[in-house]
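Numbering (mature numbering (1 follows the signal peptide of the UniProt record, and there is no 0)), first residue to last: -38 to -1, 1 to 517.
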């Protein structure tokens, strides 16, 4: 349960924002500055006008139209588009895991784990993987779109480059996609239908309709029974705003003033006169003073503000709480005793139990659901935008790769070849060596130069060291072959063999290959969490988003 202190913190965190709600709250607060009638005095005209005003405000909110934030469509289109493009550059051995005869999607089963050793975590991704593989294999519109994006025109080398870039983006967006699961739950829990149920329960104790207040007659400690007011306003063990209003405003046959709730207007609601129809006629007369409207917009901050005022109005005597005027500590509707609602043992220790009152709890549930939905919709919208950006980036990967290749070839046309550069360097070094006439200075240039004289006498005896030149050329060729080697990690289907693949690991890596996302891949492609987070953060940070390519049947 929410404690009083935590409730107050929530109130201050969610102050009214709309002008109307702020004015309502301000007007009620103005009422609070007027001194209450003496605790020991009889109930008089206007004694409960403050309580009536704020509970009427809550009744307006409970019967109004809840404001729920609009959320964007789900992200399934973006997720499928990303996976389709990723699947298009995958090896056939990977695609065949998801497509059977006649290009039909293979269904996930536990047998795939036991017989083929597939990780159980694949079950979560299987539907979108199979759909992506099926579309890449047999959907004409998808194949047309992939051709337009140049995915079907990539060479083997370009496909590997595309795989690297795709993997980085997919790893970066994985955590965003995962986060939407909890966001969807918050969004669903805050939809209008569920919020209206909470609000209606606060008003009448039923998810829909007026419950016990829709008909005359009594049922146990029913609506027509004034003893409910001394028992927290409970009707059939439910506490409602409707019963609070009756207890605040309905008079007893003892002759309490009929204008206790509104000093300028008498309310026709009497525990004796309405002994059988308090739920219908009596409550109807009281609610008329509240001016309820189904079109009134109900916002969470307005609920928080009104509840804060109600909590401030509850008086505490000997640990019991009283909402409304009481003279004797009783709430009988009598002018000489009290017109109020009594909450027995309201204070426990140093904490009040305000949030445990049922209609308070229901109103808080409604406000919290609206508040959480609003926050979830904002976060979900940001994620959807991020995935839209990521999808646009992935769409342009082939064109980007080909553009870099063209740019590289143009630049290479202005660069000397390795053999030309080597010969030019050799000629320059030969000239520098020949210019040296002293043996000591020649030896300072070793191993580029060497002294060929029979002695150290000055002369033209400093020559280029041909042996050193040949050694450098040989080493350069070897380095080039090593750096360009392809470890072909995809050939390994066993995690142990994958980690022991022969070859020299690249800088910062423990092995040549690694078991990544259920298959053996070049370990240099693994994107760590820090990198993924940085990419995801960068994506979220975009203010201007690309206009995404229409993926035909993806959307």
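Using N, Cα and C, we set each Cβ at its ideal position, and we do this for glycine too.
For residue 279, the enclosing beta strand (DSSP E) covers residues 277 to 279. Between the beta-carbon of residue 289 and that of residue 300 there is about 6 angstroms, and that keeps the pair under the 8 angstroms contact cut.
Following the DSSP letters along the chain, one finds residue 46 inside the alpha helix (DSSP H) bounded by residues 38 to 50.
Per DSSP, residue 116 lies in no beta strand (DSSP E) and is assigned neither H nor E. By the Cβ test, the segment 85 to 101 is not in contact with the segment 322 to 336, since fewer than three Cβ pairs between them sit closer than 8 angstroms. Relative to the Cα of residue 410, the nearest Cα in the group 101, 268, 427, 260 belongs to 427. Selection 308, 475, 210, 120 evaluated against residue 191 yields 210 as nearest (Cα-Cα). By the Cβ neighbour-count rule, residue 22 is buried, with 16 or more other Cβ atoms within 10 Å of its own. By the CB criterion at 7 angstroms, residue 352 and residue 135 fall inside the cutoff.
In terms of CA proximity to residue 187, 236 leads the group 169, 167, 236. DSSP, reduced to helix, strand and coil, places residue 360 within a helical segment of the structure shown.
Across the structure, residue 268 and residue 20 are spaced so that their CA atoms are roughly 7 angstroms apart. Contact between residue 320 and residue 200 holds, with the beta-carbon distance rounding to 6 angstroms and staying under 8 angstroms.
According to DSSP, residue pairing for residue 28 in a beta bridge involves 260.
Residue 209: member of the alpha helix (DSSP H) spanning 203 to 211, first to last residue.
In the three-state DSSP reduction, residue 252 falls in the coil class, being neither helix nor strand.
Non-local beta-carbon contacts of residue 121 in its own chain, meaning distances under 7 angstroms to residues more than five positions away in sequence, involve 51 in chain order. Residue 128 and residue 155 have their alpha carbons spaced roughly 41 angstroms apart. Secondary-structure assignment with DSSP links residue 314 through a beta bridge to 309.
Setting aside the 5 residues that flank it on each side, residue 464 is surrounded in the same chain by 474, each with a C-beta closer than 8 angstroms to its C-beta; the list follows chain order. As DSSP reads the structure, residue 326 sits in no beta bridge. Distance from the Cα of residue 456 is smallest, within the candidate group 478, 466, 471, 472, for 478. Restricting attention to 458, 472, 468, 466, the CA atom closest to the CA of residue 482 is found in 458. The closest CA to that of residue 111, considering only 82, 87, 48, is found on 48. Looking at 87, 253, 54, 53, the one whose alpha-carbon comes closest to that of residue 69 is 87. Taking every protein chain shown into account, the CB of residue 332 has 16 or more other CB atoms within 10 angstroms, so this residue is buried. Looking at the backbone, the Cα of residue 451 and that of residue 461 are separated by about 9 angstroms. Restricted to the segment 394 to 428, the alpha helix (DSSP H) segments that are unbroken, complete and at least 4 residues in length are 401 to 406, listed in chain order.
Under the 8 angstroms Cβ criterion, the segment 248 to 255 counts as touching the segment 224 to 238, having at least three qualifying pairs.
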